[in-house]
Each structure stands twice: as C-alpha cells, then as structure tokens.
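Chains as they are written, first to last, in our numbering: chain Z, 3 to 317; chain B, 1370 to 1629.
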Amino acid sequence: MRALISQRLIILAVLALVIAVLPFVFPSSYYFRVASLVWVSALAAIGLNILMGQAGQVSLGHAAFFGIGAYAVAIGPAHFGIPSWAALLLGAVLSAVLAYLVGRPILRLKGHYLAIATLGLGVLMALVITTESGWTGGPDGMPVERLSLFGWRVSGSYTWYWVTGGLLLLGTWIALNLDDTPTGRAFRALHDSEVAAQVVGVDVARFKLQAFVIAAVYASFAGSALAFMNGFINPDQAGFIHSVELVTIVVLGGLGSVVGSIVGAAVLVTLPQALTVFHEYEHLLLGLIIIVSMIFMRNGIVPSLSALLSQRGRS
Amino acid sequence: MTILKATDVGISFGGVKAVDGVSFSVSPGQILSIIGPNGAGKTTLFNIVSGVYTASRGTIHLSGENVTGLAPHKLAERGLSRTFQNLQIFQRMTACENVMVGRHLREKCSLVPALFRTPSVTRQNRETRAAALDLLAEVGLKNVADLPAGSLPYGACKRLEIARALAAEPRVLLLDEPAAGCNPVETEEIDHLIRQVADRGVAVVLVEHDMKLVMRISDRILVLERGRPLSEGTPQEVRDDPKVLEAYLGQHGAREAARA
Chain Z
3 MRALISQRLI ILAVLALVIA VLPFVFPSSY YFRVASLVWV SALAAIGLNI LMGQAGQVSL
63 GHAAFFGIGA YAVAIGPAHF GIPSWAALLL GAVLSAVLAY LVGRPILRLK GHYLAIATLG
123 LGVLMALVIT TESGWTGGPD GMPVERLSLF GWRVSGSYTW YWVTGGLLLL GTWIALNLDD
183 TPTGRAFRAL HDSEVAAQVV GVDVARFKLQ AFVIAAVYAS FAGSALAFMN GFINPDQAGF
243 IHSVELVTIV VLGGLGSVVG SIVGAAVLVT LPQALTVFHE YEHLLLGLII IVSMIFMRNG
303 IVPSLSALLS QRGRS
Chain B
1370 MTILKATDVG ISFGGVKAVD GVSFSVSPGQ ILSIIGPNGA GKTTLFNIVS GVYTASRGTI
1430 HLSGENVTGL APHKLAERGL SRTFQNLQIF QRMTACENVM VGRHLREKCS LVPALFRTPS
1490 VTRQNRETRA AALDLLAEVG LKNVADLPAG SLPYGACKRL EIARALAAEP RVLLLDEPAA
1550 GCNPVETEEI DHLIRQVADR GVAVVLVEHD MKLVMRISDR ILVLERGRPL SEGTPQEVRD
1610 DPKVLEAYLG QHGAREAARA
C-alpha cells in the first residue's frame, strides 16, 4: 500500500518534471504546439482508458464527447453569449448527461455489440455537427472565441503548453487516485468477472455507467482545450477517425496503464510529425510501426516495457 | 429459525428441466449439503438461489423476505454470498485486492471523494486492506497477498474465493465444490474453515463431491437427481436410503452395497 502511494507520487513528479523541462530543449514555438497536442490527446486517452482498461468496456465513438466539449466552447459564446469558462463546464455537464442517458441502455451490451452501439453514437454526433451548419458551421467548422479568465486572455502556444500540461497533470492525478479505491476496484473486478463482482454486491450496471461518464467528461475537457488552443474547430474532431485514434492511443500505450496513455499519445501525435520527411510514405510507415509494436508489445508499450525491465532486474 | 428457504424451485432451458420442484431450507449455523451425480442440477440451483438465473417457478425467501428474481448484488446486500465451481477470480488483481472487493458492501463508495482521494478514502482503504489480510491469514494465503491472483495455483484460488465471499460478512454462504482439486491436507483445512464459519452463526449451503467431507460436516443433506429431489435428511438417513445408493451406484451396485 505504501509502495502504491509512492508510485503514484513518482509518476506525477516525473510527469511534472517532463512538462517543466521540455521547454528548455524546444527550439521553436512549433514544438510547444505539438507538445500541447500530446497533452490534450493524452488527457482524452486517460479517460477512455478508465473505461476500456479498468472497466473493460469498449467505446468506438468516444470522439463524440470530445466534439461536445469542443463545440460547447465554440457555440456557447458565439450563439448564446455564455462566458467561455462557463461553456467549458457546460460542455462537460452535457457530455456527462449524454453519456449517462446513452450509457444506460447500451452498456447492457457486451463486446462487439457494445463496440457497434458506441460506434453508432460517434457517427450520429459527427452527422449532427456536419448537418446543423447554422449552429456549427457545418463541414467548414467555426471559429472559437479565446478563453479569458478573470480578464486574462489565454492565448499563444507557449501559454497553452502550460495550461494543457496542467490539465494533464490534474487528469493523471485523478486517474491514479481512482485506481486504489472501492470504485476503481469495482471497475477492475467487473472487468475480470462480472458475475463474481455481482455476488459480492457490486452493482455492475452502475459502475459501468460511472466509468462511461468519467471517460466522457475527460474527453469533453480535452475537446474544449483543443478548441480554445486552435481558435477553430471542425467536425473531424468528433469524427470516427478521431475515435479510432483515441482507442489506438489507449491500446498502443497499454490498457489499464495511465502512463501508457500518455506515452501512447506522445507516439501517435509526434510520429506523424517526425515521419513527414518520408512524404507520401508517411501513413504507410505509421501503420507499419503500429502493427510491429503491437506484435512485439502485445500488452502495450508501457506494460510490456515494465515487465521486461522487472525481468531484467530479477535476473 | 429459517434464514434461507427455497420452495418448489424450477428452471427449464429449452425443453430440459434442469431443476424441477426443489425445496430446502437452512438455519443460521447449520450446514446443508446438496449432493447428486453430475448434471443433477446442483450448480444450477445455486445460480437460481444467488440470483444469477431467474427461476421459472417457485420462490426464494431470505430472512423472511421474498427475494425471488432479485439481481445478485441485491441478494448480496441482503447477506447472501457464494463461491463458484469454475473459478471466478479477479485474475488481474492481487489476492488481497480480490478480498478487498469482497468488502465492497462494507465500504463507503462515493465517486467524488475517490477521484480526489480524500483522507477518509485513504483511511478506509487501510481498514479494508487490514480486514482482507486477516481473512487471507484465516485461509492460509497471507504470504501471497500481493501476488496477482491469476498466478496462484488452483487450490489457493478456491480458498481465495472463500475468503472473498466471507469478506462480505454474509449470513448465508453458498460454497460450490470448495474442496475440488484440493489435496487431503487442504481439504482438512477447508473442513475446519467451514465449521468455524457455521459456528459464527452463518448458514452454509455446500455443493461437494468429496463424500467423506460431506458426511463429516453436514447437519442435513439434500440429494438431487436429474433436477429433482431424491432424498433429504441427516447424513445417516441419506446414507441408508436405497434410492440414493441406486442413483450413485446403479441397481446392481445398490444390491451389492445392501448385501455388504
């Protein structure tokens, strides 16, 4: 138990250190932007990992909640005159409510069926955003008013680097907190055996729903942050490809591993940037790297590497 | 005083009546064993009583309340706990965490304090872990508390399931073949453990193939055959019942046994 607590602190300290030190090695503001993208994707993935890695429920439409967060901070100030910060919170509440309402019926489904149902949710959300162009600007997207907090206008890659980094730290802290609590244990228990969890009193439906709502709120905050940072938003953020990207980050980094989601996001966001030197082979190489790493690190990057390290340590 | 009472319970799968008109009752501190050849419907009966299956006929009463058709977690809240014949261990959790999940109903489990890890959550965690370690010590697994449960041998998993079920502090405990795959020494330990649990006033319902164990510790025995009750009584009564001998040994074997 004591070991667990210190492990949590070590992860947070290392993450804070990385966020603090990276700016010293960044040669240009472009790097700040890419790093902010990593922090935002990692935040969404950490939430999704609570649902997928801990509670064992798949969501192939998770960008829907990312989209709600993003469009909330775009539509709220533009159409209703709501302050940006309030729109951010409203987006999170909307995501939670939608996740609750949709989750109640579809979380009864298992495996492939749940995957298809969540996929449907994602497709539906993308469709609504694309067609309701009066509100959302349709396929062209819409501009997002800058976030201002207490008269401070939050803008610029440098500022957003720190804001998203702070958000990621907060999200990591919360996810790590959850692991070793009755709720976190209930998630992991129903993942391994629903019937055994039930007979010791775990209300399986309730906890699946909780995990789904938590994951939705994470995605919503990440979506809002990206919209503020870019100052512009388009339907791709809520689309199927983005949902798949989020799942890929979670699986690539390691199901159930908080650090894995951060590493997975770092790989999946920075790799395409690094591979641009290969021009038209970029996507081919990206796909190849993902396939090869899944073959050799079946449990994901972080769990596989830590297993390898502890093996080395023993021998 | 009866705590668990099943009345005329039955369930069909397609055209097969897996359990058909079975009744039993058990009192606090009593050990009731359910025996019968393979496919007699013992585990199915357990699944009905614990809410995993919904009976197509009959009623279940727990502490006088009609609990027929309630979900398993609702039954757990009312003091019913069980183990499984085919292990249902939380493989990726440690042995200790498995038992901690068993304490689920004894813990305050609100989401917001968990997310921000308030001091009360940490304190409760410490208490739950201490209670889980005590139970692990009771079933002789304290030394493997922090190993992944998936890495434990079969016999240890059986005992881990018992510890997890006990962690809920049940008033009725259903044990589905607790001694299966155990060596004689381990069976002896399980024997002691079951007696201790019953002495604390827990009603124990036991499905078990180890007849020596069943005859030793049961207060009453219910014999099932093809889903139907065949015989019921004290171990002595059941042992001497010609119908039981016939079901287990066949007609010829029963005649041989009667002669011997």
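A virtual CB, placed ideally from N, CA and C, is assigned to each residue, including glycine.
Between which two residues does the beta strand (DSSP E) carrying residue i extend?
i, result
"G1473 of chain B", "Residue identity differs from the one stated: residue 1473 of chain B is His in this sequence, not Gly. Where H1473 of chain B is concerned, there is no enclosing beta strand (DSSP E), given that its DSSP letter is neither H nor E."
"G1379 of chain B", "L1373 to F1382"
"F1393 of chain B", "V1385 to V1395"
"G1602 of chain B", "R1597 to G1602"
"D1545 of chain B", "V1541 to D1545"
"T183 of chain Z", "Careful: T183 of chain Z lies outside any beta strand (DSSP E) and carries neither H nor E."
"A1572 of chain B", "A1572 to V1576"
"L1449 of chain B", "L1449 to R1451"
"R1589 of chain B", "R1589 to E1594"
"L1439 of chain B", "Careful: L1439 of chain B lies outside any beta strand (DSSP E) and carries neither H nor E."
"S150 of chain Z", "L149 to L151"
"I1400 of chain B", "I1400 to I1404"
Verify whether the separation of the beta carbon atoms of residue i and residue j is less than 8 angstroms.
i, j, result
"V40 of chain Z", "T272 of chain Z", "yes"
"A1514 of chain B", "A1464 of chain B", "yes"
"D1610 of chain B", "S1600 of chain B", "yes"
"L1431 of chain B", "L1456 of chain B", "no"
"I1403 of chain B", "V1574 of chain B", "yes"
"V1490 of chain B", "A1483 of chain B", "yes"
"V215 of chain Z", "G105 of chain Z", "yes"
"L270 of chain Z", "L254 of chain Z", "yes"
"D1377 of chain B", "S1396 of chain B", "no"
"Q1460 of chain B", "A1525 of chain B", "no"
"C1551 of chain B", "K1527 of chain B", "yes"
"W162 of chain Z", "S38 of chain Z", "yes"
"T166 of chain Z", "V42 of chain Z", "yes"
"L129 of chain Z", "A119 of chain Z", "no"
"A117 of chain Z", "L53 of chain Z", "no"
"S263 of chain Z", "A44 of chain Z", "yes"
"V1571 of chain B", "P1539 of chain B", "yes"
"L1510 of chain B", "A1534 of chain B", "no"
"M127 of chain Z", "A217 of chain Z", "no"
"F189 of chain Z", "A213 of chain Z", "yes"
"D1579 of chain B", "T1452 of chain B", "no"
"G1379 of chain B", "G1427 of chain B", "yes"
Just the chain Z side, please: which residues come within less than 9 angstroms of residue i by C-beta, in chain order?
i, result
"G1471 of chain B", "V202 and G203"
"H1561 of chain B", "Neighbours of H1561 of chain B on chain Z: none; closest Cβ ~23 angstroms, over 9 angstroms."
"R1564 of chain B", "Those do not exist, as R1564 of chain B stays about 23 angstroms from chain Z at its closest Cβ, beyond 9 angstroms."
"N1552 of chain B", "Near N1552 of chain B there are no residues of chain Z at all, since even the closest Cβ is about 25 angstroms away, more than 9 angstroms."
"A1445 of chain B", "Q200, V201, V202, G203 and V204"
Which chain B residues sit within Cβ distance under 9 angstroms of residue i?
i, result
"Q212 of chain Z", "L1480"
"N179 of chain Z", "A1483, L1484, F1485, R1486 and V1490"
"V191 of chain Z", "Val is not the amino acid found at residue 191 of chain Z; the sequence shown has Ala there. Here the neighbours are F1459, M1462, E1466, N1467, V1470 and H1473."
Using a Cβ cut-off of 7 angstroms, pull out every chain B residue sitting near residue i, in sequence order please.
i, result
"V40 of chain Z", "The contacting residues do not exist; V40 of chain Z stays about 23 angstroms from chain B at best."
Interface residues of chain Z around residue i at Cβ under 8 angstroms?
i, result
"P1441 of chain B", "V197, Q200 and V201"
"E1546 of chain B", "Result: empty, since nearest Cβ-Cβ is about 15 angstroms, beyond 8 angstroms."
"E1476 of chain B", "P184"
So which residues of chain B does residue i contact, with C-beta pairs closer than 8 angstroms?
i, result
"I176 of chain Z", "L1484 and F1485"
"R187 of chain Z", "M1462, E1466, M1469, V1470 and H1473"
"D194 of chain Z", "I1458, F1459, Q1460, R1461 and M1462"
Who are the neighbours of residue i on chain Z, taking C-beta pairs under 7 angstroms?
i, result
"R1451 of chain B", "V201"
"A1537 of chain B", "V202 and G203"
"E1555 of chain B", "Under the 7 angstroms cutoff, chain Z gives no residues; its nearest Cβ is about 21 angstroms from E1555 of chain B."
Terminal residues of the continuous alpha helix (DSSP H) containing residue i?
i, result
"R1495 of chain B", "P1488 to E1507"
"L103 of chain Z", "S86 to I108"
"E247 of chain Z", "F242 to G255"
"F62 of chain Z", "Note that residue 62 of chain Z is Leu in the sequence shown here, rather than Phe. No alpha helix (DSSP H) holds L62 of chain Z; DSSP gives it neither H nor E."
"E196 of chain Z", "E196 to V201"
"R155 of chain Z", "No alpha helix (DSSP H) holds R155 of chain Z; the beta strand (DSSP E) holding it covers W154 to V156."
"S308 of chain Z", "I303 to R316"
"G1427 of chain B", "Counting along the chain, G1427 of chain B falls outside any alpha helix (DSSP H), though it belongs to the beta strand (DSSP E) covering R1426 to L1431."
Checklist entry - Quick one, which residues of the region 1523-1534 of chain B are near chain Z if we go by CB-CB under 9 angstroms, in chain order? => result E1530, R1533 and A1534: these are the residues of the region 1523-1534 of chain B whose beta carbon lies less than 9 angstroms from some beta carbon of chain Z, given in chain order.
Taking one C-beta from the region 133-153 of chain Z and one from the region 1416-1426 of chain B each time, how about it: are there three or more such pairs within less than 8 angstroms? No, they do not touch.
Point to revise | Contacting positions in the region 265-279 of chain Z - beta carbon closer than 7 angstroms to chain B | key: Under the 7 angstroms Cβ criterion, the region 265-279 of chain Z contributes no residue.
Three or more beta-carbon pairs under 8 angstroms between the region 1402-1419 of chain B and the region 1469-1483 of chain B, yes or no? As far as the Cβ criterion goes, the region 1402-1419 of chain B does not touch the region 1469-1483 of chain B, which means the pair count is below three.
Quiz item: Between the region 1391-1421 of chain B and chain Z, which residues of the former have CB atoms less than 7 angstroms from a CB of the latter, in chain order?
Solution: For the region 1391-1421 of chain B, residues whose beta-carbon sits nearer than 7 angstroms to a beta-carbon of chain Z comprise S1419 and V1421.
query = What are the residues of the region 94-123 of chain Z that lie near chain B, defined by any Cβ-Cβ distance shorter than 8 angstroms?
reply = The region 94-123 of chain Z vs chain B, Cβ under 8 angstroms: nothing.
*Return the residues of the region 134-163 of chain Z that lie within a Cβ-Cβ distance of less than 9 angstroms from chain B, sorted by chain order.*
So the list is empty, because no residue satisfies the distance condition.
- Message: If contact is defined by three or more beta carbon pairs under 8 angstroms, each pair taking one atom from either stretch, is the region 65-74 of chain Z in contact with the region 244-254 of chain Z?
- Response: Yes, since at least three Cβ pairs between the region 244-254 of chain Z and the region 65-74 of chain Z fall closer than 8 angstroms, the two stretches touch.
Next on the checklist: Three Cβ pairs or more, each shorter than 8 angstroms: is that satisfied between the region 70-87 of chain Z and the region 185-205 of chain Z?
Outcome noted: In short, these stretches do not touch, since the Cβ pair count stays below three.
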